[in-house]
Amino acid sequence: MGGHAFALFLGSQRSWTRPALDTAAAVKFQEACGQHGFDPVHILPHGSYLMNCGSPKEDVFSKSQAMLVDELSRCSALGLSQFNFHPGASIDSTPEKCMEKIAQAINHAHQQTPAVITGKLGCHLDRHEDIGRGQIGITAFREIVNEPRLDNIPLILETPGRPGFEYAEQIELLYSLCGKKMKN
83 MGGHAFALFL
93 GSQRSWTRPA
103 LDTAAAVKFQ
113 EACGQHGFDP
123 VHILPHGSYL
133 MNCGSPKEDV
143 FSKSQAMLVD
153 ELSRCSALGL
163 SQFNFHPGAS
173 IDSTPEKCME
183 KIAQAINHAH
193 QQTPAVITGK
203 LGCHLDRHED
213 IGRGQIGITA
223 FREIVNEPRL
233 DNIPLILETP
243 GRPGFEYAEQ
253 IELLYSLCGK
263 KMKN
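Residue numbers (my numbering): 83 to 266.
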């Protein structure tokens, strides 16, 4: 198709409950995105249409708040930093009360999903992420490893490493970006 971005749903739009996201499937998703040239910052997960974080109905609000936490956790597990959702509607409520409920749900989600980074670039927070999965995309790493002025300078990785994407795999990825062979 030639596109460089896509949107996706993180689960069924017909159910409040979902099976847990399989770690191996999340790793495969990230690998497939890399293999097909999709930068995670250009992948936009769309929140469930069932959510109404502004609902005055406590059962709907509670389920919506839990789903928002689940969706953000899934984004984190998939290495995605963007999230699009319809926060809510003021059904049988005032717009002000609706916005208060939405703010409550978002604040709760941030507290429950510590991997969700709320700091902006330049905020002096030191957050580590695996190669290509944080704020620095694969394109930037490709530029770094192909910069001749950095030849023969040791480059040190400070990444968390994950099962299926350990340090050796990350180093191999960096070498593949510049077409060099890894030295054993």
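Built from N, CA and C at the ideal position, the CB exists for glycine as well.
A quick note: this is a predicted structure, and the numbers were derived from the prediction, not measured.
C-beta atoms of residue i and residue j nearer than 7 Å
i      : j      : result
Leu150 : Ala107 : no
Leu39  : Pro127 : The shown model of the chain, from 83 to 266, leaves out residue 39, and the question about it has no answer.
Gly161 : Arg215 : yes
Glu227 : Leu255 : A small correction: the amino acid at residue 227 is Val; Glu does not occupy that position in the sequence shown. Going by C-beta atoms, Val227 is not nearer than 7 Å to Leu255.
Thr195 : Ser146 : no
His210 : Glu240 : yes
His124 : His168 : no
Leu103 : Ala148 : no
Per-residue burial, residue i [other beta carbons within 10 Å of its own, 16 or more giving buried]
i      : result
Ala222 : exposed
Ala250 : exposed
Ile184 : buried
Cys260 : exposed
Gln252 : buried
Gly246 : exposed
Met83  : Caution is warranted here: a pLDDT of 49 is assigned to Met83, below 50, making its placement in the model unreliable, and the coordinate value is therefore given only provisionally. Its Cβ having fewer than 16 others within 10 Å, Met83 is exposed.
Asn134 : buried
Ile218 : exposed
Gln117 : exposed
Gly170 : buried
Ile235 : exposed
Identity of the residue in the options nearest residue i by Cα
i      : options                           : result
Trp98  : Ile253, Asp233 and Ser130         : Ser130
Asp212 : Phe165, Glu225, Ser175 and Val109 : Val109
Pro138 : Ser158, Ile173, Phe165 and Phe120 : Ile173
Ser175 : Phe143, Phe165 and Ser258         : Phe143
Arg244 : Pro101, Leu90, Arg96 and Thr105   : Thr105
Gln95  : Asp141, Cys115 and Glu153         : Glu153
Phe165 : Phe111, Phe88 and Ala114          : Phe88
Phe111 : Leu237, Cys157, Asp141 and Arg224 : Cys157
Check: residue i C-beta below 6 Å from any heavy atom of the ligand FAD
i     : result
Gly93 : As for the ligand FAD, it is missing from this structure, which has no ligand bound.
Which complete alpha helix (DSSP H) runs does the region 117-186 hold, if anything under 4 residues is left out?
Taken in chain order, the complete alpha helix (DSSP H) segments of 4 residues or longer contained in the region 117-186 are 140-160.
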